[in-house]
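S.K.:
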Amino acid sequence: MRVAANLAMGTSLSVAEAELHALMLASLAGNANAYRVLLSQLAVRLRTFYGRRLGRDAADLEDLVQETLLAVHNRRATYDHGSPVTGWVYAIARYKLIDFLRRRKVRDALGLDDCEELFTADDNEQVAAARDVAQLLANLSERQREAIQLTRIEGLSTEEAALRSGQSESLIKVSVHRGLKRLMALYASNPPGKGDNANE
Amino acid sequence: MQTSERTAELIQHLTAEVRPISSHALVRRLFAGLVVGIAIALLVLLLSVGVRADLRTAVFTGPFWMKWFYAGSLSAIGFAWCVRLARPDAKSTTLPWWMLAPIALLLLLALYELRYAPPEAVHKLWMGHSALICPFNIMGFALPVFVSVALMLRRLAPTRLRLAGFAAGCVAGASGAVVYALCCNESAAPFVLIWYSVGMVLPALVGAALGPRLLRW
């Protein structure tokens with residue numbers, strides 16, 4: 013890696029590394045100020061790291077930076093005190109990048125973006141189903157339509173339906189029975205799903 | 004920028020309260036995982052078949068220590084390997100090759116036993132009386148160790164997940180064998196060389212297979 017090569021050559025990067033190393037050790041000793049400076053510096057480096065690989069304006073860039081900072085924080089016990097901080101952080105960053113790319117690949121392969129269309133299609137179907145029911149109900153008499161609407165679609169009991177509609181309970185029962193029978197007949201002669209698909 | 008403000012906020016949040024962390028924290032946590040796993044395996048052993056009836060006298064015999072040395076040294080090397088692989092910047096290491104040392108020693112011992120055994124006893128040296136149950140028992144005792152070590156490992160930062168899973172399986176298999184040796188009364192080196200090793204390799208292979216999914220973070 014270039015960082016390692018620069019380190020060996022003793023360029024300015026190794027000065028940066030020495031500074032990061034001191035900050036890291038102080039952070040691990042519990043120095044909150046050092047830790048704040050360290051994470052801020054790492055955030056800048058990570059932004060460059062991911063920016064170079066995903067493009068500066070990648071939407072997920074800052075998410076990745078944050079996710080990596082969180083990993084650095086939660087897993088700081090895995091830092092070997094004698095090794096370069098940059099090597100450790102970039103190893104975590106690389107892991108997170110690979111994980112991110114794999115997730116994105118899986119997402120693309122599954123076409124999860126298309127799934128939204130799937131859900132919309134689902135909505136359409138529900139709307140279509142509701143429309144079908146309304147169309148079918150339109151073929152019934154007022155009384156039958158009301159009885160079925162209340163008991164079968166709104167889910168009221170016969171008693172409640174009778175109270176709501178002002179029909180007697182027995183009349184509700186008869187209306188539902190006759191209405192359903194008529195609907196079955198209508199449905200058998202003209203399944204609505206079939207007609208709809210032909211329209212689309 | 005709004006997003007980098009959120010990052011700054013995150014940093015504020017993370018640095019609000021900083022606990023000091025010892026440089027031995029990683030080793031300690033992994034070791035705790037190992038100990039808990041072995042303790043559970045021991046408990047299972049005591050509650051099921053129990054230790055061998057003659058354990059009191061057996062601990063003063065060579066075969067018992069042959070098994071403990073073989074499995075124990077492999078467990079120790081596997082553990083050291085896990086410690087390395089728990090760091091994200093783990094480099095390739097020659098450490099696992101040290102596992103060949105106890106294997107070679109046991110192989111020598113096995114050859115010695117076979118060389119001086121009467122021909123009719125050779126089959127017994129290889130197969131003992133529990134050849135087919137031994138690896139599965141070891142795997143059984145390896146299971147709690149594997150789970151416990153893997154749970155610790157995934158909270159650290161392994162980046163070579165398949166290898167780390169393999170190493171965790173090695174530790175688990177070898178530790179399972181250490182526990183199993185308390186109830187196993189086989190005493191031949193060839194038996195241990197084959198069947199103990201099978202019982203250790205299987206968890207390692209399972210670990211390698213599960214590693215990428217199990218140890219992801």
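Going down the list, the protein sequences come from chains A and B. Residue 13 is where the first sequence starts when you use my numbering, and the numbers rise one by one after that. Residue 4 is where the second sequence starts when you use my numbering, and the numbers rise one by one after that. Glycine is no exception: its CB is placed at the ideal position from the N, C-alpha and C atoms.
(1) Comparing alpha-carbon positions, which option in B:L45, B:F34 and B:R55 lies nearest B:G81?
(2) Could you tell me the distance, in whole angstroms, from the CA atom of A:R68 to the CA atom of A:F61?
(3) Taking only beta-carbon positions, decide if A:T60 is within less than 8 Å of chain B.
(4) If you reduce the DSSP assignment to three classes, tell me which class B:I24 lands in.
(5) What is the rounded straight-line gap between the Cα of A:D72 and the Cα of A:Q78?
(6) Checking contacts by CB at 8 Å: is A:L122 closer than that to chain B?
(7) Could you please give the first and the last residue of the uninterrupted alpha helix (DSSP H) stretch that includes B:F149?
(8) Can you pull the chain B neighbours of A:I104, defined as C-beta to C-beta under 7 Å?
(9) Does any residue of chain B have a CB that is nearer than 8 Å to the CB of A:R171?
(10) Determine the chain A residues that contact B:T18 at a beta-carbon separation under 7 Å, and present them in chain order.
(11) Is the shortest distance between the beta-carbon of A:Y199 and the beta-carbons of chain B less than 8 Å?
(12) So if I threshold CB-CB distances at 7 Å, which residues from the segment 65-81 of chain A count as touching chain B?
(13) Between which two residues does the alpha helix (DSSP H) carrying B:P206 extend?
(14) Ignoring anything shorter than 4 residues or poking outside the segment 39-84 of chain A, list the alpha helix (DSSP H) runs there in chain order.
(15) Compare the C-beta of A:L32 against all C-beta atoms of chain B and say whether one is closer than 8 Å.
(16) Between A:L35 and A:A46, is the Cβ-Cβ spacing less than 8 Å?
(17) How is the alpha helix (DSSP H) around A:D111 delimited, first residue to last?
(18) Is there at least one Cβ from chain B nearer than 8 Å to A:S187's Cβ?
(19) So with CB distances below 8 Å, who are the chain A contacts of B:V21?
(20) Should B:A134 be flagged as near chain A, meaning a C-beta pair shorter than 8 Å?
(21) Closest by CA to A:V188, which one among A:I160, A:R143, A:G178 and A:L175?
(22) Out of curiosity, what's the CA-to-CA distance linking B:R118 and B:S95?
(23) Give the C-beta separation of A:V84 and A:V101 to the nearest angstrom, bearing in mind that I take them to be a contact with Cβ-Cβ under 8 Å.
(24) Between the segment 146-159 of chain B and the segment 122-133 of chain B, can you find at least three pairs of beta-carbon atoms closer than 8 Å?
(25) Could you check whether the Cβ of A:G178 sits closer than 8 Å to any Cβ belonging to chain B?
(26) Taking the alpha-carbon positions, what's the A:R88 to A:L40 distance?
(27) With the cut-off set at 8 Å, would you say A:H33 and B:S26 are in Cβ contact?
(28) Throw me the rounded Cβ distance for the B:A160 and A:T90 pair, which I believe falls under 8 Å.
(29) Rounded to whole angstroms, what's the CA-CA distance from B:V39 to B:Q15? Just pull it up for me.
(30) In three-state DSSP terms, what is A:K185?
(31) Return helix, strand or coil for B:P91, following the three-state DSSP convention.
(32) Here's a check: name, in chain order, each residue in its chain whose Cβ is nearer than 6 Å to the Cβ of B:A226, leaving out the five neighbours to either side.
(33) Which word fits B:P215, buried or exposed, when buried means at least 16 other C-beta atoms lie within 10 angstroms of its C-beta?
(34) Would you identify the three-state DSSP class for B:Y119, choosing helix, strand or coil?
(35) Taking B:T216 as the query, report the chain A residues whose CB atoms sit under 9 Å from its CB, ordered along the chain.
M.R.: If we stick to the structure as given:
(1) Looking at the Cα atoms, B:F34 is the closest of the given residues.
(2) Approximately 10 Å, taken between the alpha carbons.
(3) False, the Cβ-Cβ gap to chain B never drops below 8 Å.
(4) Of the three classes helix, strand and coil, the one that applies to B:I24 here is coil, per DSSP.
(5) A:Q78 has its alpha-carbon roughly 10 Å from the corresponding atom of A:D72.
(6) It does not; no Cβ of chain B falls within 8 Å.
(7) Secondary structure note for B:F149: its alpha helix (DSSP H) is the uninterrupted segment C137 to R158.
(8) Around A:I104, the beta-carbon contacts reaching into chain B at under 7 Å are P91 and A160.
(9) Just to set this straight, residue 171 of chain A is Glu in the shown sequence, not Arg. No, no contact with chain B.
(10) Within 7 Å Cβ-Cβ: A44, Y47, R48 and L51.
(11) Chain B contact via Cβ: absent.
(12) Answer in chain order: E74, V77, Q78 and L81.
(13) Counted as a single uninterrupted DSSP element, the alpha helix (DSSP H) harbouring B:P206 occupies residues S200 to L217.
(14) Secondary structure within the segment 39-84 of chain A: the alpha helix (DSSP H) runs of 4 or more consecutive residues, fully enclosed, are 44-66 (chain order).
(15) For A:L32, no Cβ of chain B is located within less than 8 Å of the residue's own Cβ.
(16) Their beta carbons are under 8 Å apart, which means A:L35 touches A:A46 by this criterion.
(17) Start and end: V97 to L122.
(18) Chain B has no Cβ within less than 8 Å of the Cβ of A:S187.
(19) Going along chain A in sequence order, the residues near B:V21 (Cβ under 8 Å) are S39, G42, N43, A44 and Y47.
(20) So no, B:A134 is outside the interface.
(21) If you compare the alpha carbons of A:I160, A:R143, A:G178 and A:L175 with that of A:V188, the shortest gap goes to A:I160.
(22) Going from the Cα of B:R118 to the Cα of B:S95 covers about 39 Å.
(23) A:V84 to A:V101, Cβ: 6 Å. Contact.
(24) Contact check between the segment 122-133 of chain B and the segment 146-159 of chain B: fewer than three CB pairs, one atom from each, fall below 8 Å, which does not count as touching.
(25) By this cut-off, A:G178 is not an interface position.
(26) Taken atom to atom, the span from the alpha-carbon of A:R88 to that of A:L40 is near 8 Å.
(27) No; because the gap between Cβ atoms is not below 8 Å, this pair is not in contact.
(28) For a cut-off of 8 Å, the C-beta gap from B:A160 to A:T90 is around 4 Å, short enough to register as a contact.
(29) Taking the straight line from one Cα to the other gives about 36 Å.
(30) Reduced to three states, the DSSP call for A:K185 is helix.
(31) Coil at B:P91, not helix or strand.
(32) The structure shown has nothing for residue 226 of chain B, since chain B only spans 4 to 220.
(33) B:P215 should be labelled exposed.
(34) Assigned with DSSP and collapsed to three states, B:Y119 falls in helix.
(35) For clarity, residue 216 of chain B is Arg in the given sequence; the question names Thr instead. Against chain A, a Cβ distance below 9 Å from B:R216 picks out nothing, because the smallest value is about 12 Å.
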